[in-house]
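Engineer:
Residue numbers (UniProt numbering), protein chains in the order written: chain A, 1 to 454; chain B, 1 to 454.
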C-alpha cells in the first residue's frame, strides 16, 4: 500500500485535480490520499489557507468580511463545477465556514477551525471526484482516521497512541481521502499542525499503515543537487538517504520541511518526491540506505544569515569548563547554535542571525565579558554557510581538496571549515557576498563531469 | 638590559660553561643570568636533577645512597676543577646536600630542597667562573631576588607581589647569576616550580626587570618549521609571534614549554631562542607583533594520541543545551577537550587519549547513554592532529586548498578539519598511521619553494 500526498499546487484548480485523479487511478496501490488546501493557480493568486486566515482575523476584528468570504466561495465554486461535481458540496463548505465563524470559542481555537477548512474541503472534493470517475473512494475525517494530537493550537503534536488506530485503516476497502494539516485532541477538539502540516499528516498515515512507499507529490520534478536560484539547470538527485536529506535541509534546502517526515523516517518507509505535472518522471527517492554506491557528493546546500561569536582568551584550554559555560550563557538566553569550533585559546560559535535582537546581542556580550573575562570578544554578521553533503564523504580521499580548490579558484576566502562532526557533510563558512560564486564553483567541481580547471 | 637563561646542556661541563662565559662577556647588556642544573654531557649521561631526585628517593626509602652521592659530587668536582675554581665551592655543595638530607621535613618539602641543589650549584659555579674571568658577578639566591611563590611543592606559582621586588635588582651593579627552578614562600620555605622551571624563572626575571630581551640559550639553532624527527633538515623559523608559538606548542612542538613564557609575554618582552654552541647565529625571535609580513604559514606542528568521542542524535539541533550537557559530563569527569565540531545531528569531541582510564571511558559512555539518549555513540582512538600555523592564514586565499591538496596527494584521508576558531591556525585530524606522510607532504607544499606537483 502507498500513501500519496498532494501539495497545494496539485489542488489549486479542477485541471490540477484531474491530474491527481489520473495519478490515483493509474496505481491501485495508492489507497491513501492526503491533500493540502488549494494553492496558487498563478503567481498573483493567493493560497486558500491565507484567505481563510485573513477571514478569521477580519471577523475577530469585527470588520466586514463578506467580500473575502465571497472570494473563497467562488474559488470552491469554480473547482466543484469545473469537475462536474454536485453543488451540494459547495453548500456544505459554505455552511461550515459560517458555522465556524459563529462558534463561541477562543480566538486560537476558532482560527484552527477556520484554517482547517481548506484541507477538509479539498479532501471532500477529491473523494467526490474519484467517485465520479467510478472509483470506490471515501472522505475520512482525521478524527475517524485516529489522528490524536496535543492541545497546542497551530502547533499540534501527534500522540503516540494514534498509530495503532491508524493501522486499522488498512482493513477498510476503497481509497481513503484524508485532509492534511489537522487532528483532534482526546477531548475531541480540532487542532492544526504547524504550517506545512499536510506533510506531517501524510508522514503519520504512512507510518501508521506501514506503507511500502510514501509519495509526496509537489510541483518540482525532483530534489536538485544545488539551489536552482543560484546555479542554472542543476542536476537532479535520484536517490538520497534520510541523513543526506536532513543535512541538505540544514542550510536552506527546502523542498519540504524535513522534520515533517520524521514519523515515516522512524519506520524506515521510503519517500518519493514526485511532480503532479510530470508523474511519469522518477523523481527523487529518499531512503534509509542506498543499495548502490553513488558518487561521494550528492548535493550542495547553502544559506546566508549567520553570525560568528568569537571569544579569545589566553590559556583557554587550561580552563576546564570554559566552552561549557559559554554555551550555558547562550542557552540561558534561548539561543541555539549551529557549530562551535574551538582551538587552544579561541572558540567561535556560529549562530543564526535572526536569533539576535539588538537587546539580546548586548546582553549576551555583556554576560560573556562579566562571567568569562575574555581577552577578545566579537560578534560578526554576514556569514554564509555551504554544506557539501554525501554519504561517501568521510571515506573518499580528496573531497576537501576539491572543495577548497574550487573556492580558491573562485577567489573566495574560506573563513571556517567544519569537517568531522558529521559523517555525511562538510561545512564551509564564507562571506555572504561570495556565496553565488562559491556555490557555482563547487557545483562545477562536483557535478559538471566535463569541467576541468585550465 | 637582557636576561640570558641557559639550559642544562649549556651547564653540563666546564667546556660548556666556558661558552656561557664567552657569551656573557661578549655583551655587557647581559646583566641577568639564569641557570639550569647541569644536563647530559652525552646520550648515556644522566641529568643532575634526575640524580638528585634518585638520591632523595633512595634516602626516603632508607636505602644506602653513598654511591649516588659520590656520582653527584664527582660531577661537580670535575666541573669545578676543570674551570680552575676554588675547591671550597665543592665542599659547600657537598655540605648542603648532606644538610638537606638530614633535615626534619615532609618528604615533599625535602624533595624540593634536594632537587633545587642542581640549579643552585650551577649558579654558584657560573658566578665564581665569571669572577675568575675578571667580571663583576654575584650569585643571587631567589629569596634575595624576590621570587615569592605559593606553597605547592613541585608546582609553585609566582606571587604577583614578586615583580616589584625583582624590579629593584636593576639598581644593583655587576652581573647577577640566579638559579632557576625555585622560589620561596612568604614563610621562607624553598619550593620548586614544575619541571622545566628554569624557563619560568627566566621569564619572571625578564618580566620583573622589564628586560629589552629575554634570551633563552639551548642546544638547537632555532625553532624549526616542522618536527625534525618527521621531516629531514627542516627550515628554521626566524620570527614567530607569541600566538603562533602558542598554537605550535599545542600539538607537540616543544622547544620549551610555552606556558613558562607567560610572564614575559604579558609584558610584551621579546624572546630570542639561541644555541649556546652557535651563539653567532640569529636563532628564533618570538615577538608580540611582526613588523614585516612573512609568509602566511610559519610552521606545522603535529601530535598523536587523540581520541574522538562521537555522539549522533536525530534532531540534536532542536535540543537546546545538548552540546552543553555533553561538555558538562566531560567536565564532571575532569576531562578537558581540544575541539568539539558539531553538525545538525552530530557532535564529535576530540580528547587527549591519556585522559581516559578504562574505567573513565566506561563511565563517560554510560553517562552519555543514560543522560542524553543518543542514537549512536562511539569512542575511537588513534587520531593524530596536524596544526598549520601562521598569522596570515585567515586573510590568505588558498591555504586550505594547498593543505587539502597536499594530504590528498599523499593519499591521506582527512577525518576532521577545524578552521575558523583561531585566526592563526588550521587543524587537520588524520589517522595516526598517516602522520609521517601527511606532514612531509604538507611541509613540501608550504616550505619547499622548488616543489611542484607533477
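For each residue, glycine too, the CB sits at the ideal point set by N, CA and C.
#1: Beta carbon of residue 459/A, beta carbon of residue 219/A: below 8 Å?
#2: Do you know how far the Cα of residue 267/A is from the Cα of residue 454/B?
#3: Just verifying my parser: in three-state terms, what is the DSSP assignment at residue 187/A?
#4: Which stretch, first to last residue, makes up the beta strand (DSSP E) that contains residue 213/A?
#5: Under 8 Å, Cβ to Cβ, is there at least one residue of chain A near residue 419/B?
#6: Helix, strand or coil for residue 83/B per DSSP?
#7: Quick one: does residue 415/A have its CB under 8 Å from some CB of chain B?
#8: Comparing the C-beta of residue 250/A with each C-beta of chain B, is any distance below 8 Å?
#9: Residue 397/A touches chain B at which residues, Cβ-Cβ below 9 Å?
#10: Any idea what DSSP makes of residue 99/B, helix, strand or coil?
#11: So residue 269/A contacts chain B; which residues on that side make the cut at Cβ distance below 7 Å?
#12: Can you give the Cα-Cα distance for residue 71/A and residue 49/A, rounded to whole angstroms?
#13: If distances are taken between C-alpha atoms only, which option among 325/B, 335/B, 370/B comes closest to residue 331/A?
#14: Pick helix, strand or coil for residue 304/A, following the three-state DSSP scheme.
#15: If you drop the 5 nearest sequence neighbours on each side, which residues of the same chain put their C-beta closer than 6 Å to that of residue 210/B?
#16: Given a threshold of 16 other Cβ atoms within 10 Å of its Cβ, counted over all protein chains shown, does residue 102/B qualify as buried or as exposed?
#17: Find the nearest neighbour of residue 284/B within the set 236/B, 249/B, 291/B, judged by alpha-carbon distance.
#18: For the alpha helix (DSSP H) that residue 380/B lies in, which residues bound it at each end?
#19: Given this structure, state the Cα-to-Cα distance separating residue 79/B from residue 190/B, to the nearest angstrom.
#20: Does DSSP put residue 342/B in a helix, a strand or coil?
#21: Going straight from the alpha carbon of residue 298/A to that of residue 265/A, what length do you get?
#22: Between the alpha carbons of residue 381/B and residue 339/A, how many angstroms are there, rounded?
#23: For residue 317/A, go through chain B and note every residue whose CB falls closer than 8 Å to its CB, in chain order.
#24: How would you call residue 370/A, buried or exposed, if buried means at least 16 neighbouring beta carbons within 10 angstroms?
#25: Going along chain B in order, which residues have a C-beta closer than 8 Å to the C-beta of residue 388/A?
#26: Would the segment 315-323 of chain A and the segment 2-9 of chain B be scored as touching if the rule is three or more Cβ pairs under 8 Å?
#27: Would you list the residues sitting across from residue 129/A in a DSSP beta bridge?
#28: Mind the definition here: the segment 178-190 of chain B touches the segment 16-30 of chain B only if three or more C-beta pairs lie below 8 Å; say whether that holds.
#29: Could you tell me whether the Cβ of residue 328/B comes closer than 8 Å to any Cβ of chain A?
#30: Helix, strand or coil for residue 172/B, going by three-state DSSP, please let me know.
#31: Indicate whether at least one CB of chain A lies closer than 8 Å to the CB of residue 158/B.
#32: State yes or no: is the beta carbon of residue 454/B nearer than 8 Å to at least one beta carbon in chain A?
#33: Among 84/A, 444/A, 63/A, 51/A, which has the Cα closest to the Cα of residue 73/A?
#34: For residue 435/A versus residue 308/A, is the C-beta spacing smaller than 8 Å?
#35: Roughly how many angstroms lie between the CA atoms of residue 439/A and residue 279/A, to the nearest whole one?
#36: Measure from the C-beta of residue 303/A to each C-beta in chain B and report whether the shortest distance is under 8 Å.
Structural biologist: By the coordinates alone:
#1: Residue 459/A lies beyond the stretch modelled for chain A, which goes from 1 to 454, so this question has no answer here.
#2: Position 454 of the second chain holds residue 454/B. Position 267 of the first chain holds residue 267/A. The pLDDT assigned to residue 454/B is 43, lower than 50, so where the model puts this residue is not dependable; a value taken from the coordinates is nonetheless given after this. Their backbone Cα atoms lie some 51 Å apart in a straight line.
#3: In the first chain, the residue the question calls residue 187/A occupies position 187. DSSP places residue 187/A in coil when its eight states are reduced to three.
#4: Within the first chain, the letter at position 213 stands for residue 213/A. For residue 213/A, the enclosing beta strand (DSSP E) stretches over residues 213-218.
#5: Numbered from 1 along the second chain, position 419 holds the residue referred to as residue 419/B. Closer than 8 Å: yes.
#6: In the second chain, residue 83/B corresponds to position 83, counting from 1. Three-state result, residue 83/B: coil.
#7: Against the first chain, residue 415/A aligns to sequence position 415. For residue 415/A, the answer is yes, since a Cβ of chain B falls inside 8 Å of its Cβ.
#8: Along the first chain, read from residue 1 onward, the residue named residue 250/A stands at position 250. Chain B contact via Cβ: present.
#9: Here residue 397/A refers to the residue found at position 397 of the first chain. Simply 407, 408, 411, 412, 413, 414.
#10: Residue numbering aside, residue 99/B sits at position 99 when the second chain is read from its first letter. Three-state DSSP puts residue 99/B in a helix.
#11: Locating residue 269/A in the first chain gives position 269, where the first residue counts as 1. The contacting residues do not exist; residue 269/A stays about 15 Å from chain B at best.
#12: As a working mapping, residue 71/A is identified with position 71 in the first chain. As a working mapping, residue 49/A is identified with position 49 in the first chain. Near 13 Å, if we compare the C-alpha coordinates of residue 49/A and residue 71/A.
#13: Locating residue 331/A in the first chain gives position 331, where the first residue counts as 1. Checked all of 325/B, 335/B, 370/B; the closest Cα to residue 331/A is 325/B.
#14: Taking the first residue of the first chain as 1, we reach residue 304/A at position 304. Here residue 304/A sits in strand by DSSP.
#15: The sequence position of residue 210/B within the second chain is 210, counting from 1. Excluding sequence neighbours, residue 210/B sits near nothing in its chain.
#16: Counting from 1 along the second chain, the entry for residue 102/B is found at position 102. Label assigned to residue 102/B: exposed.
#17: As a position in the second chain, residue 284/B is number 284, starting the count at 1. Considering only alpha carbons, the answer is 236/B.
#18: Sequence index remark: in the second chain, residue 380/B carries index 380 (1-based). In the DSSP annotation of this structure, residue 380/B is not part of any alpha helix (DSSP H); the continuous beta strand (DSSP E) holding it starts and ends at 376-389.
#19: Sequence index remark: in the second chain, residue 79/B carries index 79 (1-based). Sequence index remark: in the second chain, residue 190/B carries index 190 (1-based). Between residue 79/B and residue 190/B, the C-alpha separation is close to 26 Å.
#20: Here residue 342/B corresponds to residue number 342 of the second chain, with the count starting at 1. Reduced to three states, the DSSP call for residue 342/B is strand.
#21: The residue labelled residue 298/A in the question sits at position 298 within the first chain. The residue labelled residue 265/A in the question sits at position 265 within the first chain. A direct Cα-to-Cα measurement between residue 298/A and residue 265/A gives close to 19 Å.
#22: Counting from 1 along the second chain, the entry for residue 381/B is found at position 381. Counting from 1 along the first chain, the entry for residue 339/A is found at position 339. Distance between the alpha carbons of residue 381/B and residue 339/A: 23 Å.
#23: What you label residue 317/A is simply residue 317 of the first chain in a count that begins at 1. Those within 8 Å of residue 317/A in chain B are 250, 336, 338.
#24: Numbered from its first residue, the first chain carries residue 370/A at position 370. Counting Cβ neighbours within 10 Å, residue 370/A comes out exposed, since fewer than 16 surround it.
#25: Here the question's residue 388/A lines up with position 388 in the first chain. In chain order: nothing, as chain B lies at least about 12 Å away.
#26: no
#27: Stepping through the first chain from its first residue, residue 129/A is reached at position 129. Note: residue 129/A sits in no beta bridge, so no partner.
#28: no
#29: On the second chain, residue 328/B is found 328 positions in, with the first residue counted as 1. So yes, residue 328/B belongs to the interface.
#30: Counting from one through the second chain, the residue named residue 172/B turns up at place 172. Coil at residue 172/B, not helix or strand.
#31: Within the second chain, numbered from 1, the residue matching residue 158/B stands at position 158. No - not a single Cβ of chain A is within 8 Å of the one on residue 158/B.
#32: By 1-based counting over the second chain, the position of residue 454/B is 454. Residue confidence for residue 454/B is low, a pLDDT of 43 falling below 50, so the modelled location carries little weight and cannot support an answer.
#33: What you label residue 73/A is simply residue 73 of the first chain in a count that begins at 1. If we check each option's Cα against that of residue 73/A, 51/A comes out closest.
#34: Residue 435/A sits at position 435 when you count from the first residue of the first chain. Residue 308/A sits at position 308 when you count from the first residue of the first chain. No. Outside cutoff.
#35: What you label residue 439/A is simply residue 439 of the first chain in a count that begins at 1. What you label residue 279/A is simply residue 279 of the first chain in a count that begins at 1. Answer to the nearest angstrom: the Cα atoms are 30 Å apart.
#36: Here residue 303/A is taken as the residue at index 303 of the first chain, counted from 1. Chain B contact via Cβ: absent.
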